[in-house]
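Just below is one structure, and these are the notes that go with it.
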Amino acid sequence: MQRSFIAKNPSVLIFLAILALFTLLVTVMSEGFGVGGISTSFIKTLGKTLCLCLIALAMDLIWGYTGILSLGHFAFFGLGGYMIGMWLMYERTRLIVVDSLANAEIPPTDGEVIDAIGNQIFGVVGSSDFPLIWAFADSLTIQLALVLLVPGLLALIFGWLAFRSRVTGVYLSILTQAMTLALALYLFQNDSGLRGNNGLSGLQNLPGVTASQDYVSLWFFWASAAALGAGYVLCAWLVSGKFGSVIRGIRDNEARARFLGYSVETYKLVIFTLTACIAAIAGALYYPQAGIINPAEIAPIASIYLAVWVAIGGRGRLYGAVIGAAFVSLLSTWFTGGQAPDVNLGFYTIKWVDWWLVLLGLSFVLVTLFAPKGIGGLIDILSDRRAAKEASQ
Amino acid sequence: MSTLLEVSGVSVTFDGFRAINNLSFQIGEAEMRAVIGPNGAGKTTFMDIVTGKTRPDEGRVIWGEKSISLLGMNEARIAQEGIGRKFQKPTVFEEQTVQENLLMALKKPRGWFAVLTYRPSDADLAKVDDLAAQIGLTDQLTRTSGELSHGQKQWLEIGMLLAQEPRLLLVDEPAAGMTPAEREHTTDILVEAAKTRAVVVVEHDMEFVRRLNCKVTVLHEGAVLAEGSLDHVTADQNVIDVYLER
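Protein sequence lines correspond, in order, to chains A and B.
Residues in the first sequence are numbered from -15 upward in steps of one, following our numbering.
Residues in the second sequence are numbered from 1457 upward in steps of one, following our numbering.
Here it is in structure tokens:
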């Protein structure tokens, strides 16, 4: 009865193969390294989509497998983006400042350089002093560590408080919404130290790198694909063993798990913190491709979209989350980007930019009512049919 | 016989209603005990207190030869101490196979990291096979437990409790909704289990209690009304009054 990891998770190999093939195809079609069938901006869109697939995996782990409907994971995604954004913005500004002062008659002192950087970065919010939270912005290593530490710590503290008090169900969902809203409102303030509603910008430029965006976009695309592949393997490993049994047990019957001797609160906290870290990594890869991050990114609605993707894709199955995130977010880009043709009904013209949300909401309702297993459920039906066929032969 | 669990002077009030009123109860190791009583007598609340789900307003719950207090421990901690609980409704993890259910229940470290790195050894799988044989589910190991019949789910849950290797088993109405043949099998499983550990069965089916052939504790309005053999308690005038009142 003991089976290997791959035998238990046939979807892992298939997924990795498709991901590798897709990455290769995009690379060949790119302007940087290939024949140039795909524009650089679309490669960025694809790379960003891979990051969204990664956070959807995290969402599936916590919602689909553990049964905790967190509606706040975009807070961790955004924080991850802010942490890497701080270094990108600081370092790039520093290089520009040093460059512009290089020809000055009197060489600038370190203090003058710092002041000039501060002026550049915080001028928009009427300040030039570095807030305390920028203390490590000059160190890539520390900021990379903070990508995990800050969201991880926030999740740990929030989760500890919430789970310890046995807040469950819709109450927990509301709490997580409150958390992401509070964080967004805080960041909107000019004196939050992260440039208020301006956010951090110019993140697509890697400091000290002269290569064009045609190449940089591909590097991030590859990194996103690698992160998604690694995330998929990690999640599949987590849910396939006894740990997976326990978290699904907690989802289906919390009391039973508790009376079997499993500390339900600890398991929830572990999953909550871990998924927050996965979300943070996804965010840290996403925003350098988006180029800009501002507090609107972590508004409560973003986390709700995340739940909608996973529901449409099919929760409780990892590929479902990936399919849902990729499918819905790409469609969303198409509809809201003005590329979808308007539908003229004679008396009324449907403009998809306005009507896309209605369509999305409608499909969410329909999926919930008629296909609770989502798109991933269709794959289940197909593979079940094949298994039944093999069994009957 | 040494005392395994001692509950003394326990009271608990829910919104002014005294569910348990100065209750005292003792059980030794390797003992079978039936707890009977009319609805609302406090049988389930008694279990809730012992397993840590409900905290009593006063009284003591003392466990084991080291005489540690169970009050203030959470459910998971108490379960790890060796108290297993079966619910009235069969509660198993319906989306998982019988084998996965039993593996999860096996007495192993419960911490998340230990569970994360756990891989079932051959000995563990053999133990699961033994348990499945004991509860008559050998042929169902790979089935999803949600597909099992009501009686089979009840046995699976008892099997999961046995897998925990508890020193005390609390069983809430195990025979509810079972056919006569299933009841007999359930009796056998429980009697067998009581040879090596303490078993408390809450039941109001007298016929089933008679078959268990053990000491009986009668609860009424949250306190012990009578205790002794079934014949003794059914002859007790107080017990007759309480049951006839209904």
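From the three backbone atoms N, C-alpha and C, an ideal C-beta is built for every residue, glycine too.
Contact list for residue i against chain B, beta-carbon separation under 7 Å
i	result
lysine 226(A)	Leu1559, Met1560, Val1571, Tyr1574
threonine 250(A)	Trp1568
asparagine 237(A)	Thr1547, Phe1549
Proximal chain E residues relative to residue i, where beta-carbon distance stays under 7 Å
i	result
glutamate 1531(B)	In summary, chain E is missing from the structure at hand, where the protein chains are A and B.
Rounded straight-line distance, which links the Cα of residue j to that of residue i
i	j	result
valine 1627(B)	isoleucine 1524(B)	22 Å
leucine 165(A)	tyrosine 270(A)	20 Å
tyrosine 170(A)	glycine 345(A)	29 Å
isoleucine 1658(B)	leucine 1479(B)	With the sequence shown as reference, residue 1658(B) is identified as valine, and isoleucine is not the correct amino acid for it. Rounded to the nearest angstrom, the two C-alpha atoms are 16 Å apart.
tyrosine 1699(B)	alanine 241(A)	36 Å
glycine 1607(B)	alanine 1631(B)	8 Å
leucine 1460(B)	asparagine 1669(B)	20 Å
serine 25(A)	methionine 13(A)	13 Å
isoleucine 296(A)	glycine 360(A)	8 Å
arginine 148(A)	phenylalanine 17(A)	52 Å
threonine 11(A)	leucine 36(A)	20 Å
glutamate 89(A)	threonine 77(A)	21 Å
alanine 371(A)	proline -6(A)	13 Å
tryptophan 221(A)	threonine 259(A)	14 Å
asparagine 181(A)	tyrosine 289(A)	21 Å
threonine 333(A)	valine 292(A)	27 Å
Residue i: contacting residues in chain A (beta-carbon distance under 8 Å)
i	result
glutamine 1620(B)	Leu244, Gly245
Local conformation of residue i per DSSP, three classes
i	result
arginine 1639(B)	helix
alanine 1(A)	helix
phenylalanine 120(A)	coil
methionine 1634(B)	coil
alanine 1682(B)	strand
methionine -15(A)	Low local confidence applies: a pLDDT of 42 at methionine -15(A) is under 50, so the model's placement there is unreliable, and no value is given.
lysine 1542(B)	strand
isoleucine 141(A)	helix
asparagine 1669(B)	coil
valine 342(A)	helix
leucine 1626(B)	strand
asparagine 87(A)	coil
threonine 333(A)	strand
asparagine 181(A)	helix
glutamine 1610(B)	helix
histidine 1676(B)	strand
valine 349(A)	helix
leucine 218(A)	helix
Interface residues of chain A facing residue i [CB-CB closer than 7 Å]
i	result
glutamine 1608(B)	Under the 7 Å cutoff, chain A gives no residues; its nearest Cβ is about 16 Å from glutamine 1608(B).
threonine 1507(B)	Phe243
arginine 1541(B)	Phe243
Contact set for residue i: own chain, Cβ-Cβ below 6 Å, skip 5 residues either direction
i	result
leucine 1550(B)	In the sequence under discussion, the amino acid at residue 1550(B) is glutamate, which differs from the leucine named in the question. Excluding sequence neighbours, glutamate 1550(B) sits near Ser1601, Gly1602.
alanine 1(A)	none
alanine 168(A)	Pro279, Ile282, Ala283
isoleucine 117(A)	Gly177
alanine 305(A)	Ala40, Leu41, Asp44, Val294, Gly297
7 Å CB neighbourhood of residue i in its chain, flanking five on each side removed
i	result
threonine 1598(B)	Thr1553, Gln1555
lysine 32(A)	Tyr270, Gln273, Ala274
valine 81(A)	Val97, Ala100, Ile101, Gln104
valine 1468(B)	Ala1475, Ile1476, Thr1501, Ile1505, Thr1510, Pro1512, Asp1513
proline 1622(B)	Gly1538, Ile1539, Gly1540, Arg1653
alanine 324(A)	Trp318, Trp336
isoleucine 1455(B)	In the structure displayed, chain B extends from 1457 to 1702; residue 1455(B) sits before or after that span and is not available.
glycine 62(A)	Gly267, Ile277, Glu281, Ile282
CA nearest to the CA of residue i, picked from the options
i	options	result
alanine 40(A)	Arg369(A), Leu314(A), Ala263(A)	Ala263(A)
proline 1494(B)	Ala1486(B), Asn1694(B), Leu1675(B), Ala1632(B)	Leu1675(B)
aspartate 113(A)	Ile359(A), Ile22(A), Ser176(A), Gly245(A)	Ser176(A)
glycine 183(A)	Phe17(A), Asp338(A), Met70(A), Gly361(A)	Met70(A)
phenylalanine 1481(B)	Leu1617(B), Gly1508(B), His1688(B), Val1656(B)	Val1656(B)
leucine 55(A)	Tyr74(A), Ser157(A), Ser201(A), Thr7(A)	Ser157(A)
arginine 150(A)	Val1584(B), Thr1507(B), Gly1496(B), Asn1530(B)	Asn1530(B)
phenylalanine 6(A)	Phe348(A), Ile285(A), Ser208(A)	Ser208(A)
glycine 51(A)	Phe243(A), Asn174(A), Val230(A)	Val230(A)
phenylalanine 1473(B)	Glu1677(B), Ala1589(B), Met1560(B), Arg1575(B)	Glu1677(B)
threonine 29(A)	Gly358(A), Arg232(A), Leu362(A), Gly321(A)	Gly321(A)
Under 8 Å from the C-beta of residue i: neighbouring residues of chain B
i	result
serine 25(A)	Neighbours of serine 25(A) on chain B: none; closest Cβ ~41 Å, over 8 Å.
glycine 233(A)	Phe1549, Gln1552, Met1560
valine 254(A)	Trp1568
Where residue i meets chain B, residues with beta-carbon distance less than 9 Å
i	result
threonine 50(A)	The contacting residues do not exist; threonine 50(A) stays about 12 Å from chain B at best.
serine 229(A)	Phe1549, Gln1552, Glu1556, Asn1557, Leu1559, Met1560, Val1571
Closer than 9 Å at the beta carbon, the chain A residues around residue i
i	result
alanine 1535(B)	Arg242, Phe243, Leu244, Gly245, Tyr246
methionine 1616(B)	Arg240, Leu244
Chain-order list of residues whose beta-carbon lies under 8 Å from that of residue i (same chain, five-residue window excluded)
i	result
glycine 1703(B)	What the structure shows of chain B is the stretch from 1457 to 1702, and residue 1703(B) is not part of that stretch, so it cannot be assessed.
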